[in-house]
Structure formats: C-alpha cells, structure tokens
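**Q** Just dropping this structure here.
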Amino acid sequence: MKSKRKYFVCLGIAAVCVIGGLILFNSLKSKEEKYRAEQDRVAKYLVEHYELADGHSIEKIEFIEFQKNNMTGSWRTTAIINNRYKISFKEDKIGEEIRTSNYSPNEFKLQGNTGGNKYLSDIKVIYYDKEFIW
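The opening residue of the sequence shown carries number 1 in the UniProt record's numbering; numbering runs sequentially from there.
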C-alpha cells in the first residue's frame, strides 16, 4: 500500500514538473516570437519612412540591440543598415508608436511619401535574438 502511494506521489510530482516546463517553454517561445515580430515592425517602419542619403537602396537590416530600460519601461532597438549605417528607434511599450531616437542626417533622410508601399521581401533582415535589460 505504501509503495503504491509513493508511486502516485512521484507520478504527480513528475506530472507537475512536466506541465510547468511546458508552460515555461511556451511563454519563452511566445516572447521570442513577439520580439521577432516587433523587429519586423521596426524594419518595415524604417523602409517606409527613411531612405539612405547616398541614394543607395536598403538591402540589409541587422538588428544589434533590442533592450528594455527598466527605469523608464521604454524599448530601444538599434540596427546597422547595409553593414554601414547605424540607426536607433525607441518605443514606450512594445507595439506602440515607433520613434527615431538616433541617426545621422548625413546617412538617412526622411522619405517624402510614406504611403506604406515598401516591402521587406527584398531586404535581408538579421534579427537580434537576445534580450538585455539595462
């Protein structure tokens, strides 16, 4: 009788551990997907609102920073464009309005028409896959 009870207790503990692990894994996966989708949104914002000042087209966007500032709650995203130009964006919360926070006007200029008809399909996007909090 005692051995059956120990067996069921161990089985119950194992089930709780497995379920907890699955929940944790799914939340981490959804967080990763959310961060990737946010980087896609920033990349689309970039190609819809900015162009390179030298007249070249944007061919590659590499995200090198995606961080949350715990003091302000804002997010900062930084990208290198075409292996050469650096631009940063800021959001108060993920999914809210994107603002440009740092770039050189010698490297980027605002596009006159922001009709939203630019696509990321022709642009190589390299995602930042780590989260750092500062």
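All residues carry an ideal CB built from backbone N, CA and C; glycine is no exception.
Residues in its own chain within less than 7 Å of residue 169 by CB, not counting five upstream and five downstream?
**A** The first residue shown for the chain is 1 and the last is 134, placing residue 169 beyond what the model contains.
**Q** For residue 36, which residues in the same chain have their Cβ closer than 7 Å to its Cβ, ignoring the five residues on either side in sequence?
**A** Numbered from 1 along the sequence shown, position 36 holds the residue referred to as residue 36. The residues 127, in chain order, have a CB closer than 7 Å to that of residue 36 in the same chain once the five nearest residues on each side in sequence are set aside.
**Q** To the nearest angstrom, how far is it from the Cα of residue 129 to the Cα of residue 51?
**A** Within the sequence shown, numbered from 1, the residue matching residue 129 stands at position 129. Within the sequence shown, numbered from 1, the residue matching residue 51 stands at position 51. The straight-line gap from Cα to Cα measures roughly 25 Å.
**Q** Rounded C-beta distance between residue 78 and residue 39? I'm assuming under 8 Å.
**A** Counting from 1 along the sequence shown, the entry for residue 78 is found at position 78. Counting from 1 along the sequence shown, the entry for residue 39 is found at position 39. Actually they do not touch by this definition, with Cβ atoms about 11 Å apart.
**Q** Nearest by alpha-carbon distance to residue 88: which of 103, 32, 48 is it?
**A** Reading the sequence shown from its first residue, position 88 is the one you call residue 88. Nearest C-alpha to residue 88: 103.
**Q** What is the DSSP secondary structure of residue 88, counted as helix, strand or coil?
**A** Residue mapping note: residue 88 aligns to position 88 of the sequence shown, counting from 1. Secondary structure at residue 88: strand, using DSSP grouped into helix, strand and coil.
**Q** In this structure, how does DSSP classify residue 28 when only helix, strand and coil are distinguished?
**A** Within the sequence shown, residue 28 is the residue found at index 28, counting from 1. With a pLDDT of 49 at residue 28, under the threshold of 50, the modelled position of that residue is not reliable, and no figure is offered here.
**Q** Would you say residue 98 and residue 91 are within 8 Å of each other, going by their C-beta atoms?
**A** Your numbering for residue 98 matches position 98 in the sequence shown. Your numbering for residue 91 matches position 91 in the sequence shown. Contact flag set, yes.
**Q** If you draw a straight line from the C-alpha of residue 124 to the C-alpha of residue 3, how long is it?
**A** Taking the sequence shown and counting its residues from 1, one reaches residue 124 at position 124. Taking the sequence shown and counting its residues from 1, one reaches residue 3 at position 3. Computed Cα separation, rounded: 60 Å.
**Q** What does a CB cutoff of less than 8 Å around residue 56 pick up in its chain, not counting 5 residues either side in sequence?
**A** In the sequence shown, residue 56 corresponds to position 56, counting from 1. These residues qualify, in order along the chain: 82.
**Q** Mapping the DSSP letters down to three states, classify residue 58 as helix, strand or coil.
**A** On the sequence shown, position 58 is the one that residue 58 refers to. In the structure shown, residue 58 sits in coil (DSSP, three-state: anything other than H, G, I, E or B).
**Q** If you draw a straight line from the alpha carbon of residue 85 to that of residue 107, how long is it in whole angstroms?
**A** Working through the sequence shown from its first residue, we reach residue 85 at position 85. Working through the sequence shown from its first residue, we reach residue 107 at position 107. Their Cα atoms are separated by approximately 7 Å.
**Q** Which first and last residues belong to the beta strand (DSSP E) in which residue 101 is found?
**A** Numbered from 1 along the sequence shown, position 101 holds the residue referred to as residue 101. Run containing residue 101: 99-103, per the beta strand (DSSP E) assignment.
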